[in-house]
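See structure below.
Chains as they are written, first to last, in our numbering: chain A, 563 to 906; chain B, 563 to 906; chain C, 563 to 906.
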């Protein structure tokens, strides 16, 4: 598919500088762009590459206006503009309506029009699948769960019973939604299982990365609000509540009953302990463990700074004596103070 | 299903204060309880809610006796009592005996009575499945593995060959048991694979959370003893041995050949390095890396305290010079000492 | 299968000391070896066991020559020698050619000779599967992906469209290759999805552990070079490039567009932030977050040293004031210096 630069700005806005008749068929990186592609400036570090790019056109911010010889589109937010151009050139395939004969669909399931169900998928009793949903091969949808319109489950997704998924939600392979939360009670030397009778409620326009797990609630539901974006291998425990439009990078774990606000950004492999509350617009750095509630927007960090192993050994050994070192400094301050006083 | 308060104490013990004829049909949280539900005091922080709860009854400990106007049951351990009440009201569904016609069951497999095998499940040669086991859709059980009575595998569980699972063990979706351990040897610039010829041995009453992986042993078995509870996305490497009744939170990794004792509690996203031994009743805090064996019960911690990013930057920068700072303090102590001596 | 010690050294080299007619049928650990097994000295700590071992023979390094009474083979690298002996005694099963009738294979797929495709596997349009590949039950191979000769996918592996896998590559259950990278752009309060139009390119002789995820590239491919060994539950983000023969332990996360060199070793649960470059032969310790590019070979570490919780509390509290403590030491140094000067 080709689209002219004039056609792009007609649809998406922005200001075109250069020949609007030039047509592109794909997006590309600055370094490897062909003449029939359009690129963008993702990162200041790529600025030198822009001089030598062979792209047909480039999307830039206001600051670069006039600095380029090839055609360019000036956009207020070049990255989101690029996302829109790429979506134009790479439209999501529509569902190919129909059920593969190997799919196992319970007669009580309610399936909307235009739904595609892949090979070996299993749809249990009372499931509701809205129009234009795509269910990949090998997916399992437990009893009385529902998927909203235009949802897309890639192959081998597992959804337990009584989970509700909103519209246009994308779920990648290996995701497990609605497994039992980790609820156990010690009783005379044995762990008793606490039945996990809540469900999972997932909003609209959510995306869930591969092998992420979202447990069902202990009593009430685990909740993921609209527009939340979850990367791969995230663990969301029972009764967690994630506010709308929060984005969470891979390998994060959020412990039971914690609430994360709206528009938060949580870095990779960080963790949030249980029963905490994180306010809106909080950014958590990678590899940070949050052990107390956070009431103010801002950036919070707790990763050990990495070093050459030899230096780490010395500093880490000193860290084990840090409280004592603090005492020694206090003693020194006192000694100096005393003698100063003594002199007076 | 309804059960009267008198019926509960008749079955489970405890002391009822109030009208035993009141019937409840479900458990509930303190905040959202309806009159036909029973709640419990999970956490001191919910005490204020207890005054205004609309629950039909509540389970409490001895300390709250007399503080309530609604009917209550006094239990020695309110949380485990609650677990038992919830199990009464929410019994696990029994297996629905029978094999789905799309399941692929090797003729040499030995299947006990009352077993349920879901769609597209695959049972290989020589597998032994005891009575009343439930095998979910899409599960794969490798050759010569076995599942004990009343085991429950949710959909899309994978068990490799020659793994043994005890009775009443629950395995959630996406779990992989018996994949090859990470055994490699460097040889003239290439990694050689070490065949992983051990199996996995899992005891009775174990529960394994979604997407957890337990590797087979290199030579002998990887062992999970009775009553161990594993949360989601845990990685258990080859030849690890987990003692009975140990509970491990999500995202923990335990490296090869380490032994964890009985009744340990391991916090989320912590790690245990290889070839270590952890004694019984050890508690490891979240995000802690254990790098040496632990011989005494107790709580062990190693997470970097999180801070506002600005403070973290300053402290982390100082941490890189901590060994040097320690030297400087020593020099100061020496200088003061010398001059003190000089004065004498 | 039995093989004599003479037969072993004939095939694999090394120097035999003792009766070459002794035959072994399996490898074993030093502690539990039977007379018809061969063991090796994995670790100096097992040296005492060697005196009492009941093994039929043992593989050792040059240093132990003459210290043993049972037959032994002296090898330059006992561990890799052991790997080769174990591979002799435990050959990988060959593919059992044929397609299970429940497999769903698109008519345009090109399948080589001797290929085995298990039950309920799904092979999409235009897939190319080379000779002697084994595809386990429930695997999904997306359109136009390819698997090189002698590849082995265990049950329930998911490969998205347009991914390329080299020869002799082993992929364990639950692995997801080619899911969308985490590419989102904030636009007026909503996240826009950036189409992920790159693929994944995986070299020869790679092994990928259970439940590991490797995302497709945003524009160009994510690349895993030849001989890379990945343990379980690793997350490789879009456009990461892993150099040949690098070994990565479980639970590691590598963020988008980072490049890791050749012959690196990355410890468990460590992380590499995005857009970094790690040179060849770098070793990263477990639980370390790499936040800057590494240009020199060496070992890099950043884990918080774990302690008894009481000690950790005191030291971690002091750590929050470390920058201030550094200032206090500077003030002390200045005070001493000043007075020293004052005295002169």
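Beta carbons are placed, not taken as given, at the ideal position from N, Cα and C, and that holds for glycine.
Just tell me which of B:880, B:842, B:882 has its CA closest to the CA of residue 807 of chain B. Indexing the second chain from 1 puts residue 807 of chain B at position 245. Per the Cα distances, B:842.
Which term fits residue 603 of chain C, buried or exposed, when burial requires 16 or more other beta carbons within 10 angstroms of its beta carbon? The residue you call residue 603 of chain C lines up with position 41 of the third chain. Result: buried.
For residue 668 of chain B, is the classification buried or exposed, using 16 other Cβ atoms within 10 angstroms of its Cβ as the cut-off for buried? The sequence position of residue 668 of chain B within the second chain is 106, counting from 1. Result: exposed.
Please check if any C-beta of chain B sits within less than 7 Å of the C-beta of residue 699 of chain C. In the third chain, counting from the first residue as 1, residue 699 of chain C sits at position 137. Yes - at least one Cβ of chain B is within 7 Å of the one on residue 699 of chain C.
Please list, in chain order, all residues of the same chain as residue 595 of chain B whose beta carbon is under 7 Å from its beta carbon, the five residues on each side excluded. Position 33 of the second chain, counted from the first residue, corresponds to residue 595 of chain B. Excluding positions up to five away in sequence, the list reads 601, 615, 616, 617.
Backbone secondary structure at residue 611 of chain C - three-state DSSP: Numbered from 1 along the third chain, position 49 holds the residue referred to as residue 611 of chain C. In the structure shown, residue 611 of chain C sits in a helix (DSSP, three-state: H, G or I).
Is residue 709 of chain C near the ligand PLP, in the sense that its beta carbon is under 6 Å from a heavy atom of that ligand? The ligand PLP is absent from the structure shown, which contains no ligand whatsoever.
Whose Cβ in chain A lies nearer than 9 Å to the Cβ of residue 749 of chain C? Position 187 of the third chain, counted from the start, is the residue given in the question as residue 749 of chain C. Within 9 Å Cβ-Cβ: 639, 641, 642, 643, 645, 646.
Taking DSSP as the reference, what is the three-state secondary structure of residue 654 of chain C? Numbered from 1 along the third chain, position 92 holds the residue referred to as residue 654 of chain C. Residue 654 of chain C: coil per DSSP, three-state reduction.
Within its chain, find whatever has a CB closer than 6 Å to the CB of residue 738 of chain C; leave out the 5 residues flanking it on each side and keep chain order. Taking the third chain and counting its residues from 1, the one referred to as residue 738 of chain C is at position 176. Excluding residues within five positions, the ones whose Cβ falls inside 6 Å are 720, 775.
Taking the beta carbon of residue 581 of chain C as the centre, do at least 16 other beta carbons fall within 10 Å, making it buried, or is it exposed? Along the third chain, read from residue 1 onward, the residue named residue 581 of chain C stands at position 19. So residue 581 of chain C counts as exposed.
Listed in chain order, which residues of the region 769–788 of chain A have Cβ atoms closer than 8 Å to some Cβ of chain B? 773, 775, 777, 781, 782
Check whether the region 641–658 of chain B touches the region 728–748 of chain A, taking contact to mean three or more Cβ pairs, one atom from each stretch, closer than 8 Å. yes
May I ask you to list, following chain order, the residues of the region 818–830 of chain A that have a beta carbon less than 7 Å from some beta carbon of chain C? 830
Are residue 652 of chain B and residue 759 of chain A close, meaning C-beta to C-beta below 7 Å? Here residue 652 of chain B refers to the residue found at position 90 of the second chain. Here residue 759 of chain A refers to the residue found at position 197 of the first chain. Contact: yes.
For residue 761 of chain B, which residues in chain C fall below 7 Å Cβ to Cβ? For the purposes of this step, residue 761 of chain B is taken as the residue at position 199 of the second chain. None at all; the shortest Cβ gap to chain C is about 13 Å.
Within chain C, the residues that residue 682 of chain B reaches when beta carbons sit closer than 9 Å: Position 120 of the second chain, counting from 1, holds the residue named residue 682 of chain B. Correct list: 664, 681, 682, 699, 700.
Could you check whether the region 723–736 of chain C touches the region 751–758 of chain C, counting it as contact only if at least three pairs of C-beta atoms, one from each stretch, sit closer than 8 Å? no
Kindly indicate the opening and closing residues of the beta strand (DSSP E) around residue 747 of chain C. Position 185 of the third chain, counting from 1, holds the residue named residue 747 of chain C. Its beta strand (DSSP E) spans residues 746–749.
Contact criterion: CB-CB distance below 7 Å. Does residue 744 of chain A meet it with respect to chain C? For the purposes of this step, residue 744 of chain A is taken as the residue at position 182 of the first chain. Answer no: the Cβ-Cβ gap between residue 744 of chain A and chain C never drops below 7 Å.
Alpha carbon of residue 671 of chain C to alpha carbon of residue 709 of chain C, nearest angstrom: For the purposes of this step, residue 671 of chain C is taken as the residue at position 109 of the third chain. For the purposes of this step, residue 709 of chain C is taken as the residue at position 147 of the third chain. C-alpha separation (whole angstroms): 12 Å.
Are the CB atoms of residue 740 of chain A and residue 762 of chain A nearer to each other than 7 Å? Numbered from its first residue, the first chain carries residue 740 of chain A at position 178. Numbered from its first residue, the first chain carries residue 762 of chain A at position 200. Contact: yes.
With H, G and I counted as helix, E and B as strand and the rest as coil, what does DSSP make of residue 879 of chain A? For the purposes of this step, residue 879 of chain A is identified with residue 317 of the first chain, where counting begins at 1. Three-state DSSP puts residue 879 of chain A in a helix.
Should residue 656 of chain C be labelled buried (16 or more other beta-carbon atoms within 10 Å of its own) or exposed? Position 94 of the third chain, counted from the start, is the residue given in the question as residue 656 of chain C. It is exposed - the Cβ of residue 656 of chain C has fewer than 16 other Cβ atoms within 10 Å.
Would residue 810 of chain B pass as an interface residue toward chain C - the criterion being a Cβ-Cβ separation below 7 Å? Taking the first residue of the second chain as 1, we reach residue 810 of chain B at position 248. It does not; no Cβ of chain C falls within 7 Å.
Using the beta-carbon of each residue, which ones in chain C are nearer than 8 Å to residue 839 of chain B? Counted from its first residue, the second chain places residue 839 of chain B at position 277. Near residue 839 of chain B there are no residues of chain C at all, since even the closest Cβ is about 12 Å away, more than 8 Å.
When you compare the CB positions of residue 855 of chain A and residue 880 of chain A, do they come within less than 7 Å of one another, or not? Taking the first residue of the first chain as position 1, residue 855 of chain A is located at position 293. Taking the first residue of the first chain as position 1, residue 880 of chain A is located at position 318. Going by C-beta atoms, residue 855 of chain A is not nearer than 7 Å to residue 880 of chain A.
Cβ-Cβ separation, residue 678 of chain A to residue 660 of chain A (assumed contact under 8 Å), whole Å: Counted from its first residue, the first chain places residue 660 of chain A at position 98. Counted from its first residue, the first chain places residue 678 of chain A at position 116. Contact holds; Cβ gap of about 6 Å.
Could you tell me which residues DSSP puts in a beta bridge with residue 725 of chain C? Taking the third chain and counting its residues from 1, one reaches residue 725 of chain C at position 163. C:762, per the DSSP bridge assignment.
Taking 7 Å as the CB-CB limit, is residue 618 of chain B close to chain C? Residue 618 of chain B sits at position 56 when you count from the first residue of the second chain. Chain C contact via Cβ: absent.
Report the neighbours of residue 807 of chain A on chain C: residues whose CB is nearer than 8 Å to its CB, in chain order. Counted from its first residue, the first chain places residue 807 of chain A at position 245. Under the 8 Å cutoff, chain C gives 751, 752, 753.
Assigned exposure category for residue 791 of chain C - 16 Cβ within 10 Å defines buried: Taking the first residue of the third chain as 1, we reach residue 791 of chain C at position 229. Flag for residue 791 of chain C reads buried.
Can you find the residues in the same chain that come closer than 6 Å, C-beta to C-beta, to residue 621 of chain B, ignoring five residues on each side of it along the sequence? The count along the second chain starts at 1 and reaches residue 621 of chain B at position 59. Closer than 6 Å at the Cβ level, and outside the excluded window around residue 621 of chain B, lie 602, 635, 637, 640, 643, 644.
Might you give, ordered along the chain, the residues of its own chain that have their beta carbon closer than 7 Å to the beta carbon of residue 863 of chain C, omitting 5 neighbours on each side? Here residue 863 of chain C corresponds to residue number 301 of the third chain, with the count starting at 1. If we look at residue 863 of chain C and ignore the five residues flanking it on each side, its Cβ neighbours are 847, 850.
Between residue 771 of chain B and residue 800 of chain B, is the Cβ-Cβ spacing less than 7 Å? For the purposes of this step, residue 771 of chain B is taken as residue 209 along the second chain, with counting starting at 1. For the purposes of this step, residue 800 of chain B is taken as residue 238 along the second chain, with counting starting at 1. It is not a contact, given that the beta carbons lie outside the stated cut-off.
With a 10 Å radius around its C-beta and 16 neighbouring C-beta atoms as the bar for buried, classify residue 564 of chain C as buried or exposed. For the purposes of this step, residue 564 of chain C is taken as the residue at position 2 of the third chain. Per the 10 Å Cβ criterion, exposed.
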